[in-house]
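Just so you know, we're using the numbering used here here: the sequence shown kicks off at 140 and counts up by one. Ideal placement from N, C-alpha and C gives every residue a C-beta, glycine not left out. To start, the structure under review is shown below, and the notes come after it.
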Amino acid sequence: MFLVIRLPQCETSSVVAGHFMVKMNTKQHFTQNFKLAYPIMLSQFGQVMVTVVDTIMVGQVGTSSLAAASFSGGVFAVFMIFGMGITYVLSPLVAEANGSGRSDKAASYFKNSLLLYSSIGFLFFGLAFIVAQNLHVFGQSEAVTTLSKDYFLVLAASLLPLMFFQSFRQLAEGMQSTREAMFITIASNLLNIFFNWVLIFGHFGFEPMGLLGAGIATLISRIVMPIGMGIFVFKSPIFSKVIKHFGSVKISKKRIGTLLKLGTPTGTQALFEVGAFSFTSIMCGWVSDVAQAAHQIALNFGTIFYMIASGIGAAASASVGTFLGKKQILNAKKSGMVSMMMCVALTTFSCLVMLIFKNEIPKVYIDDPVVVSMAAQLLLLCGVFQIVDGVQVAAMGALRGLQDVKVPAIFIFIAYWILGIPSGYVLAFKFGWGSSGVWMGLVIGLTVVAVLSVIRFIKISDKKLRMTESMPISEPKLVEA
140 MFLVIRLPQC
150 ETSSVVAGHF
160 MVKMNTKQHF
170 TQNFKLAYPI
180 MLSQFGQVMV
190 TVVDTIMVGQ
200 VGTSSLAAAS
210 FSGGVFAVFM
220 IFGMGITYVL
230 SPLVAEANGS
240 GRSDKAASYF
250 KNSLLLYSSI
260 GFLFFGLAFI
270 VAQNLHVFGQ
280 SEAVTTLSKD
290 YFLVLAASLL
300 PLMFFQSFRQ
310 LAEGMQSTRE
320 AMFITIASNL
330 LNIFFNWVLI
340 FGHFGFEPMG
350 LLGAGIATLI
360 SRIVMPIGMG
370 IFVFKSPIFS
380 KVIKHFGSVK
390 ISKKRIGTLL
400 KLGTPTGTQA
410 LFEVGAFSFT
420 SIMCGWVSDV
430 AQAAHQIALN
440 FGTIFYMIAS
450 GIGAAASASV
460 GTFLGKKQIL
470 NAKKSGMVSM
480 MMCVALTTFS
490 CLVMLIFKNE
500 IPKVYIDDPV
510 VVSMAAQLLL
520 LCGVFQIVDG
530 VQVAAMGALR
540 GLQDVKVPAI
550 FIFIAYWILG
560 IPSGYVLAFK
570 FGWGSSGVWM
580 GLVIGLTVVA
590 VLSVIRFIKI
600 SDKKLRMTES
610 MPISEPKLVE
620 A
């Protein structure tokens, strides 16, 4: 009889708090993050292209319809982004459970998320219905308010399938399976373009519906998304180790409580941010319908790159969450920092695109020379804030991966609603800068959020690293052989 020293199997030579840690360099983190991020980036691109295509096609109808799309889309975004923000926490929770080998725990979070998120979708639809009856209180022109009501109601109905889709999508991202959501989103976007063409302009026997047709097309495409994603999740072997527990796990107050405890601050954070952008649409409407239409063009085009960057942020959340589950805090920190560098590279490129093509981009949306000229000015400011926006979206994603959600929500509130919106109002209406002043306020808010979120991520990850290093190292197990 002799003794064998049995160590956990892992490709490394480093031990931290009883866990072997794979030391990854910057190139390895970049490669891993890119493989995880690019399908999410394309999926986000496909998702935002629904709005972009709507805006471009509605712009062919007229300036009032484009302004109405900007206004109602901005108000609707408050409900949509708050709801989607609540769902974002599912991905890091699943990632942590999967990283620690608890597929039953991942299944429990997924099953409870379906109930919770669908309930939130119904609640928000009810609230949106009430808002639709009172759009006049936002002080828009009569033409814009009249055009907006039915379009807003149809968009509100699309919240229900969208929240179902988010449950499936966040599960997939938490399991680091991101390509299928990309394909489904792109397919739904193509479907949206087709029905836009049919319903906005009137083809195949349909009467031209204008703006309302764009809303119905969006609703149809969003109904298809959860159906496709649901089939994939329940049939694919990728999720078999989680789905096999789906029938046995129970609806749990504890799991729903955790999803709400972490999801509500995340949703509130998204609400503060998107609410600020929505309010800028309202403020630009106070300037003029032309200013509101120009604002919609600049914001709509800028959102393309923001949503692509948010794909990197979502990947950072899943990657950092997985490393957290494995107690590999150093890798979690480095993964988050690499994600920020990736976003800076992307948004620097987007900034250059806007600066170079500022006069050509608005012409894709509308042929009104006054709107085109004003939109070109706003694209200059939009290009500048793209860079800091990319930093903050990656940092916020990394913080979600560390399950740090409350303080970042406070950062967002202070930066936008205490600094950004008030300064934008003063510059727009007291200094006479108009819509350019509104956008300058956004730049101020974004810069503050970017700085605070990066500092917070470094602080929290360093704190967790010190806690891990201070834990006693487990002794090797002695096994008789």
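Looking at residue j and residue i, is the spacing between their C-beta atoms short of 8 angstroms?
i, j, result
"residue 227", "residue 405", "yes"
"residue 567", "residue 573", "yes"
"residue 321", "residue 222", "no"
"residue 541", "residue 454", "no"
"residue 420", "residue 210", "yes"
"residue 316", "residue 377", "yes"
"residue 287", "residue 266", "no"
"residue 231", "residue 539", "yes"
"residue 367", "residue 302", "no"
"residue 168", "residue 592", "no"
"residue 590", "residue 439", "no"
"residue 502", "residue 518", "no"
"residue 220", "residue 413", "yes"
"residue 200", "residue 349", "yes"
"residue 576", "residue 563", "yes"
"residue 581", "residue 531", "no"
"residue 457", "residue 175", "yes"
"residue 264", "residue 310", "no"
"residue 433", "residue 546", "no"
"residue 194", "residue 504", "yes"
"residue 394", "residue 258", "no"
"residue 579", "residue 520", "yes"
For residue i, which residues from the same chain have a beta carbon less than 7 angstroms from its beta carbon, with the 5 sequence-adjacent residues on both sides left out?
i, result
"residue 196", "335, 339, 353"
"residue 411", "548, 551, 552, 555, 556"
"residue 300", "361, 362, 364, 365"
"residue 418", "560"
"residue 180", "447, 450, 451"
"residue 602", "none"
"residue 224", "405, 406, 408, 409, 410"
"residue 583", "558, 559, 562"
"residue 323", "364, 367, 368"
"residue 606", "none"
"residue 524", "581, 582, 585"
"residue 596", "475, 534, 537, 538"
"residue 614", "Only weak support is given to the placement of residue 614: the predicted model assigns it a pLDDT of 44, under 50, and the value that follows is read from those uncertain coordinates. Around residue 614: no qualifying Cβ."
Excluding sequence positions up to five away, which residues of its chain have a Cβ less than 8 angstroms from the Cβ of residue i?
i, result
"residue 283", "203, 206, 207, 210, 424, 428, 431"
"residue 526", "483, 486, 487, 490"
"residue 604", "468, 469, 472"
"residue 337", "343, 345, 352, 356"
"residue 278", "421, 424, 425"
"residue 325", "181, 182, 185"
Can you give the beta carbon distance from residue i to residue j, rounded, assuming they're within the 8 angstroms contact cut?
i, j, result
"residue 490", "residue 522", "4 angstroms"
"residue 296", "residue 358", "6 angstroms"
"residue 446", "residue 183", "4 angstroms"
"residue 291", "residue 215", "6 angstroms"
"residue 398", "residue 544", "With a Cβ gap of about 12 angstroms, residue 398 and residue 544 do not count as contacting."
"residue 533", "residue 600", "Incorrect: roughly 14 angstroms between the Cβ atoms, too far for contact."
"residue 178", "residue 318", "4 angstroms"
"residue 172", "residue 481", "6 angstroms"
Taking 8 angstroms as the threshold (beta carbon to beta carbon), is residue i in contact with chain D?
i, result
"residue 497", "Given the protein chain composition of this structure (a single chain), no chain D is represented."
Return the chain-ordered list of same chain residues with a C-beta closer than 6 angstroms to the C-beta of residue i, the five sequence neighbours on each side being excluded.
i, result
"residue 351", "289, 290"
"residue 294", "215, 354"
"residue 619", "Its pLDDT being 42, under 50, residue 619 is placed unreliably by the model, and the measurement read from it follows with that caveat. Around residue 619: no qualifying Cβ."
"residue 213", "417, 420"
"residue 422", "577"
"residue 594", "none"
"residue 304", "364, 365, 368"
"residue 141", "Because the pLDDT of residue 141 is 40, which lies under 50, any placement of that residue in the model is unreliable, and the number read from its coordinates should be weighed accordingly. Cβ neighbours of residue 141 beyond the five flanking positions: none."
"residue 565", "none"
Touching by the beta-carbon criterion (3+ pairs, under 8 angstroms), the stretch 452-467 and the stretch 236-244 = yes
message = Under 8 angstroms, with one C-beta from each stretch per pair, do the stretch 238-254 and the stretch 388-398 reach the 3-pair mark?
response = yes
query = How do the stretch 254-262 and the stretch 277-297 stand: do at least 3 beta-carbon pairs fall below 8 angstroms, yes or no?
reply = no
request  = Kindly confirm or deny that the stretch 368-385 and the stretch 507-527 touch, where touching means at least three C-beta pairs closer than 8 angstroms.
outcome  = no
inquiry  = I'd like to know if the stretch 377-386 and the stretch 323-335 are in contact, where contact means that at least 3 CB-CB pairs between them fall below 8 angstroms.
reply    = no
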